[in-house]
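A quick write-up on the structure given underneath.
2 protein chains.
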Amino acid sequence: MSTGKELKIGLFGFGVVGEGLYRVLHQTPSLKATIKKVCIKDATKKRNAPAELFTTNKEDLLFDPEINVIVEVINESQPAFEIIQTAMLQGKAVVSASKKMIAEHLPEILELQQKTGLPFLCEASACASIPVIRNLEEYYDNDLLHAIKAIVNGSTNYILTKMFEENIRFQDAVLQAQQLGFAEADPKLDVEGFDALFKWIILLNHAYGIVANPNEILFSGIQQIQLSDALVAKEKQQEIKLVAQATKLRDGGIAAFVLPQFVKKEDHLAFVKNEYNGVVIESGFSDKQFFYGKGAGSFPTASAVLSDIAALRYDYRYEYKKRYQHQPNVLSNDYYLKVYLSFEEWDHIPKENFEWIEEWHAHETRKYLIGVIHVSHLKDKTWWKEQNISLILAPQPIIEEVELKKIQKKSLELAGVS
Amino acid sequence: MSTGKELKIGLFGFGVVGEGLYRVLHQTPSLKATIKKVCIKDATKKRNAPAELFTTNKEDLLFDPEINVIVEVINESQPAFEIIQTAMLQGKAVVSASKKMIAEHLPEILELQQKTGLPFLCEASACASIPVIRNLEEYYDNDLLHAIKAIVNGSTNYILTKMFEENIRFQDAVLQAQQLGFAEADPKLDVEGFDALFKWIILLNHAYGIVANPNEILFSGIQQIQLSDALVAKEKQQEIKLVAQATKLRDGGIAAFVLPQFVKKEDHLAFVKNEYNGVVIESGFSDKQFFYGKGAGSFPTASAVLSDIAALRYDYRYEYKKRYQHQPNVLSNDYYLKVYLSFEEWDHIPKENFEWIEEWHAHETRKYLIGVIHVSHLKDKTWWKEQNISLILAPQPIIEEVELKKIQKKSLELAGVS
Chain R
1 MSTGKELKIG LFGFGVVGEG LYRVLHQTPS LKATIKKVCI KDATKKRNAP
51 AELFTTNKED LLFDPEINVI VEVINESQPA FEIIQTAMLQ GKAVVSASKK
101 MIAEHLPEIL ELQQKTGLPF LCEASACASI PVIRNLEEYY DNDLLHAIKA
151 IVNGSTNYIL TKMFEENIRF QDAVLQAQQL GFAEADPKLD VEGFDALFKW
201 IILLNHAYGI VANPNEILFS GIQQIQLSDA LVAKEKQQEI KLVAQATKLR
251 DGGIAAFVLP QFVKKEDHLA FVKNEYNGVV IESGFSDKQF FYGKGAGSFP
301 TASAVLSDIA ALRYDYRYEY KKRYQHQPNV LSNDYYLKVY LSFEEWDHIP
351 KENFEWIEEW HAHETRKYLI GVIHVSHLKD KTWWKEQNIS LILAPQPIIE
401 EVELKKIQKK SLELAGVS
Chain U
419 MSTGKELKIG LFGFGVVGEG LYRVLHQTPS LKATIKKVCI KDATKKRNAP
469 AELFTTNKED LLFDPEINVI VEVINESQPA FEIIQTAMLQ GKAVVSASKK
519 MIAEHLPEIL ELQQKTGLPF LCEASACASI PVIRNLEEYY DNDLLHAIKA
569 IVNGSTNYIL TKMFEENIRF QDAVLQAQQL GFAEADPKLD VEGFDALFKW
619 IILLNHAYGI VANPNEILFS GIQQIQLSDA LVAKEKQQEI KLVAQATKLR
669 DGGIAAFVLP QFVKKEDHLA FVKNEYNGVV IESGFSDKQF FYGKGAGSFP
719 TASAVLSDIA ALRYDYRYEY KKRYQHQPNV LSNDYYLKVY LSFEEWDHIP
769 KENFEWIEEW HAHETRKYLI GVIHVSHLKD KTWWKEQNIS LILAPQPIIE
819 EVELKKIQKK SLELAGVS
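Read top to bottom, the protein sequences are chains R and U. All residue numbers for the first sequence refer to this note's numbering, where the first residue is 1 and numbers rise by one. All residue numbers for the second sequence refer to this note's numbering, where the first residue is 419 and numbers rise by one.
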């Protein structure tokens, strides 16, 4: 039985993830993977490893013929891309955890893989310890993958959980999350939905073979959600989650977005509290599957990187079957969404864009409505991200043209019009 | 980019799983996997496939040099083993769904793999659509795998859910399960815990590198559980589940058993209702992970078989890293269990074997106690499987020697003895 090949690793980044990885590899000689050199930015910083391991010159790693794997766990997107590009052109396999970089350079990364035939693995870039990428690659290629819905950002999920459970305002919940290390000092990337968007672009590729540009996906974060919205959810026996969703429509197109969503108490995603992540995969043969675990943090991330390293020993690489071996799916912008809006003034809402509004209320400080709107009135539009408007999807938000027609016909009949 | 090799499949068994597989492969030419021949027992039965596909002579498959993969989804254990043995000796990769056969022949199957270097994949044999085997192989090898707890039998879980939610007796719940197809006409294999035991033996191997014989594992089913036990659970805000558990002890030994267990409402496993399965993996780096999905049925099983077939295209095989590349773990029989017992007569209980009994009650028809007992008083003993005794583990059931001593010392101090 093969025990796999020897890996000599060049590591970029020695923060919490990089250092954790170094320690674990050190303690696992059976893996036959050793870090030969680590490239860091700041040579003056004290490190818990022998000084001769470190360099500030990336070429010491990238052009060392003995190094056959580059592991990249740095923060900056553009330098990360340059590293993985040079590494692959130099014949080295790559493991990366940089979600922003991958989301922004997906077409180039795919091309690099095709051109070089080398593995580029990135399990740590989405949901960290949940092995979602490899499971999407290996398990759902032949099934009819109906939908995938996920909570992919632990920081916003922690904030929403706190707002919900402790009846506190968004700003206070953000503060709590920051104090506990679940949100960055600048929480914009998380709370405005960018982090979730980047991860979703990566998962869309492995789930459906779609290579989307970040600006092609309808998304928002949770920065507009009010405590009063959480109270509305409670009344309805529901919770609010930032849900990344992709659903196959009748015509084969894929509706994909990252938006706050009302989630019923019995829904799998309602189980996901605090800083955890969860992924629900709906497929034709295996029904609903639910994966749950820590989606961020040094150890869960290091653990995902480690599993990629272990996979490289038997030359594992993503096959991207849905992209290269099937007719790849395409994004659709032709569907309707059932949305809840809470807002201050009726004037801020383009009521004429709604197919119908089925419920509305006016409280003292805040008004709200539930209605059905075509996605084109939200996508690339800014009105709903302004004026202190909070938009949250209904639990089964997607309505297709044919369903819409049926509902409209029925209500006309009920009204005695036809 | 490689698109994998062509697979020519010889299929044993054309029941619901086999036929489902045939249909799906037929509809997925991109997989480059075709069924060349199907071996069946009953040639007279009408089949929904061309007659020339079928044979009753297994040698037509096993000795056809063109066939490079044998897929085996038959029910009988001994014939299944003979098939996979001959297949591998003939140089063919094998995919099997026969949990009983694998559990009973594990040492021989491992030897066959080592001897031939060929893949033997069996994702469908445990938890079907939940990809637990491959995840244990790939994701938890370098982590400290603290524990794995799972609901691996959907039939008993359905019965327990019904008893609990509808306040009905065991026998009535079994009847309901049978009517809905969630339990066999002869439910013994499921309700007495054998099916869960076989699956657990397979998972112990992939989780910890342990090759256990079925008679080495402490187990029981749910056949003794009373409606009154379910009511006790409800009072405590808990549920009863048939839990397969393996936990690493302080000395590195593994405590492994399959027993009914009280599960707290907030526990991941309490989320698993009806015929579903769930697996909780506790590891050093990724904290708790939870996998949930359908563990049986034709489509979930076919879906798991299919994922194995897809993996064969790039020559995937289990490395059994924990067995061959690490010091393999060993089963321990040196720990204590906190148990709940309900029974009819005090005389049926060997009270002298308990370290202590911390709670006891006598209702009109039924008595119960909660106490701590060394595993050796349960393992290979029959008293607790007789006399209408119902044994259910406490939520955190394992107590090690050192903890026991501490607790005893403290209670002696409290009693003013030392």
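Backbone N, C-alpha and C fix where the C-beta goes; we use that ideal spot for every residue, glycine too. Every value quoted in this text rests on a predicted model; they were computed, and no experiment measured them.
Under 7 Å from the C-beta of residue i: neighbouring residues of chain R
i, result
"U:Ala601", "Under the 7 Å cutoff, chain R gives no residues; its nearest Cβ is about 19 Å from U:Ala601."
"U:Tyr576", "Per Cβ cutoff of 7 Å: no residues; U:Tyr576 is ~15 Å from chain R at best."
Under the three-state DSSP convention, the category residue i falls into
i, result
"R:Tyr316", "coil"
"R:Ser98", "coil"
"U:Lys533", "helix"
"R:Leu121", "strand"
"R:Gly20", "helix"
"U:Val793", "helix"
"R:Gly278", "strand"
"R:Ile201", "helix"
"U:Ser638", "coil"
"U:His624", "helix"
"R:Thr161", "helix"
"R:Pro350", "coil"
"U:Ala511", "strand"
"U:Phe499", "helix"
"U:Leu443", "helix"
"R:Ser2", "Note that R:Ser2 scores 43 on pLDDT, short of 50, meaning its location in the model is unreliable and no value can be drawn from it."
"U:Pro678", "strand"
"U:His564", "strand"
"U:Glu776", "strand"
"R:Ala51", "helix"
"R:Ser303", "helix"
"U:Leu554", "helix"
"R:Val191", "helix"
"U:Ala505", "helix"
"U:Val650", "helix"
Same chain, Cβ closer than 8 Å to residue i, neighbours up to 5 away in sequence not counted
i, result
"U:Val487", "Leu425, Lys426, Ile427, Gly428, Ala451, Lys510, Ala511, Val512, Val513, Ile727, Leu730"
"U:Val820", "Arg668"
"U:Gln503", "Glu526, Leu530"
"U:Lys455", "Gly428, Leu429, Leu471, Phe472, Thr473, Asp478, Leu479, Asp482, Ile485"
"R:Pro395", "Gln238, Gln261, Phe262, Val263, Lys264, Asp267"
Rounded Cβ spacing between residue i and residue j (contact assumed at less than 8 Å)
i, j, result
"U:Pro678", "U:Ile628", "That pair is no contact at about 22 Å."
"R:Gly293", "U:Phe703", "With a Cβ gap of about 11 Å, R:Gly293 and U:Phe703 do not count as contacting."
"R:Ile202", "R:Ala256", "R:Ile202 to R:Ala256, Cβ: 12 Å. No contact."
"R:Ala124", "R:Ala87", "That belief does not hold up - the Cβ atoms of R:Ala124 and R:Ala87 are roughly 16 Å apart, past 8 Å."
"R:Thr156", "R:Ile222", "5 Å"
"U:Glu818", "U:Tyr753", "6 Å"
"U:Leu524", "U:Tyr626", "Wrong, their Cβ atoms sit about 13 Å apart, outside the cutoff."
"U:Asn751", "U:Ser794", "6 Å"
Cβ shell of residue i (< 6 Å), same chain only, five flanking positions each side left out
i, result
"U:Ser808", "Gln642, Ile643, Gln644, Asp647, Ser760"
"U:Leu822", "Tyr754"
Residues that residue i contacts on chain U, provided the C-beta gap is smaller than 8 Å
i, result
"R:Pro131", "Asn553, Glu556, Tyr557"
Buried versus exposed, by CB contacts within 10 Å (16 or more), residue i
i, result
"R:Asn213", "exposed"
"R:Thr247", "buried"
"U:Ala461", "exposed"
"U:Glu762", "exposed"
"U:Glu522", "buried"
"R:Lys338", "buried"
"R:Val152", "buried"
"R:Leu362", "A small correction: the amino acid at residue 362 of chain R is Ala; Leu does not occupy that position in the sequence shown. The residue is exposed, with fewer than 16 neighbouring Cβ atoms inside 10 Å."
"U:Thr800", "exposed"
"U:Ala651", "buried"
Contacts that residue i makes with chain R (C-beta to C-beta distance below 8 Å)
i, result
"U:Phe708", "Phe290, Phe291, Tyr292, Gly293"
"U:Ser514", "Going along chain R, no residue has its Cβ under 8 Å from U:Ser514, so there is no contact; the nearest lies around 18 Å."
Under 7 Å from the C-beta of residue i: neighbouring residues of chain U
i, result
"R:Phe271", "Phe689"
"R:Ser307", "Glu556, Tyr557"
"R:Ser125", "Going along chain U, no residue has its Cβ under 7 Å from R:Ser125, so there is no contact; the nearest lies around 15 Å."
"R:Ser155", "Going along chain U, no residue has its Cβ under 7 Å from R:Ser155, so there is no contact; the nearest lies around 16 Å."
Closer than 9 Å at the beta carbon, the chain U residues around residue i
i, result
"R:Ala311", "Glu556"
Chain-ordered neighbours of residue i on chain R, where CB pairs are closer than 9 Å
i, result
"U:Ser840", "Not covered by the structure: residue 840 of chain U. The range shown for chain U is 419 to 836."
Other residues of its chain near residue i: CB distance less than 7 Å, five sequence neighbours each side excluded
i, result
"U:Asp608", "Asn571, Ser573, Thr574, Ala601, Glu602"
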